[in-house]
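Novice: Right, I'll just put the structure down here and ask away after.
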Amino acid sequence: MESPNMELTKLIRSHFPSLNEPDLIEEISNIGQLMHAKAGTVMMDYGRYISMVPMVLSGSIKVVREGKNGDHEIFLYFLKGGETCSMSFSCCMTSKKSDIRTTAEDDVSFIGIPIKFVDEWMMKYKSWNRFIMTSYDNRMLDLIEVVDNIVFNDMEGRLINYLKARSEALNSNIILGTHQQIALDLNSSREGISRILKKLEKTGAITLGRNRIQLNS
DNA sequence: ACATTAAGTGATT
DNA sequence: AATCACTTAATGT
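What the first sequence shows, in my numbering, is residues 91 to 307, in sequence order.
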């Protein structure tokens with residue numbers, strides 16, 4: 091039988107190879123909590139305070155922003171294995187309420203790190219510092235992509251990018267869900283999404299089914 | 001068989 | 001490209 095401590099150590103080594111300081115790995119193993127979230131679970135919601143920063147091991151987490159009116163939201167990006175949520179980190183640091191909502195796109199497992207340590211390790215461990223900074227940078231790039239998408243692309247372009255992102259996040263070319271949900275994510279209308287999807291199906295790019303979209307690439 | 005939910009369509013703005 | 005009003009199709013009970 092392995093102790094949970096060793097289990098965590100293994101997971102950190104295999105999923106976060108850039109964190110290579112032995113003391114750091116030991117600390118994470120002692121302090122981190124191995125956690126799971128089932129597909130569809132809302133992991134973080136608007137207005138909630140965050141006490142833990144997740145280091146994602148497997149699965150992917152959908153991050154969305156609430157629209158101005160409050161009745162719409164807009165899809166931002168997916169968080170995948172080996173990554174962490176910079177939003178939760180910055181929220182924690184300023185002990186602000188969350189500006190975003192995250193849901194488990196599929197079954198997710200992650201290591202939860204209490205904020206206190208996230209902060210402490212920033213100064214203590216160089217590789218941790220780099221890890222957090224890199225994560226910030228990657229998220230920033232994702233956000234720039236979102237802006238580009240909205241400003242320069244029409245709905246069809248945005249939808250195609252969205253489908254790609256989702257397929258990549260799920261590691262599958264089959265996407266399950268309703269047109270309505272996609273419309274919500276893209277701040278569009280169900281009918282509009284249905285029409286574009288229909289058009290894409292005719293070109294052979296995708297195959298449609300009820301609750302199901304298959305990408306044919 | 002019936003009710004419910006998802007998707008398709010044409011018209012209007 | 002969004003919204004409305006409706007139809008058609010698939011699925012659950």
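Idealized CB from N, CA, C, for every residue including glycine.
Whose CA, out of E173, Y252 and N251, lies closest to the CA of R220?
Specialist: E173
Novice: Can you tell me which residues form a DSSP beta bridge with V132?
Specialist: The beta-bridge partner set that DSSP reports for V132 consists of T193.
Novice: Considering only DSSP beta bridges, list what M145 is partnered with.
Specialist: T174 and I201
Novice: Using a 10 Å radius around the Cβ and a threshold of 16 neighbouring Cβ atoms, would you call L290 buried or exposed?
Specialist: L290 is classed as buried because its beta carbon has at least 16 other beta carbons within 10 Å across all chains shown.
Novice: What runs of the beta strand (DSSP E), each 3 residues or longer, lie entirely inside the region 206-280?
Specialist: 264-266
Novice: Can you tell which of F179, S104 and S150 has the C-alpha that lies nearest to the C-alpha of I140?
Specialist: F179
Novice: E163: which of K186, E97, R191 and A127 sits nearest, CA to CA?
Specialist: For the options K186, E97, R191 and A127, the alpha carbon positioned closest to that of E163 is the one of R191.
Novice: Could you check which residue in H269, S278, N277 and L274 has the C-alpha nearest to that of L287?
Specialist: H269
Novice: Rounded to the nearest angstrom, what separates G294 and N306 at their Cα positions?
Specialist: 7 Å
Novice: Go through the region 99-123 residue by residue and report every complete run of the alpha helix (DSSP H) that reaches 4 residues or more, in order.
Specialist: With a minimum length of 4 residues, the continuous alpha helix (DSSP H) runs that stay inside the region 99-123 are 112-121.
Novice: Write down the C-beta distance between S148 and S225 rounded to the nearest angstrom, noting that I regard them as a contact closer than 8 Å.
Specialist: 17 Å between Cβ atoms; not a contact.
Novice: Report the rounded CA-to-CA distance for L233 versus R285, giving the unit in angstroms.
Specialist: 27 Å
Novice: Throw me the rounded Cβ distance for the N110 and S217 pair, which I believe falls under 8 Å.
Specialist: That belief holds up - the Cβ atoms of N110 and S217 are roughly 6 Å apart, short of 8 Å.
Novice: Please say whether V146 and G130 have beta carbons closer to each other than 7 Å?
Specialist: No, the pair does not count as a contact, with Cβ atoms beyond the cut-off.
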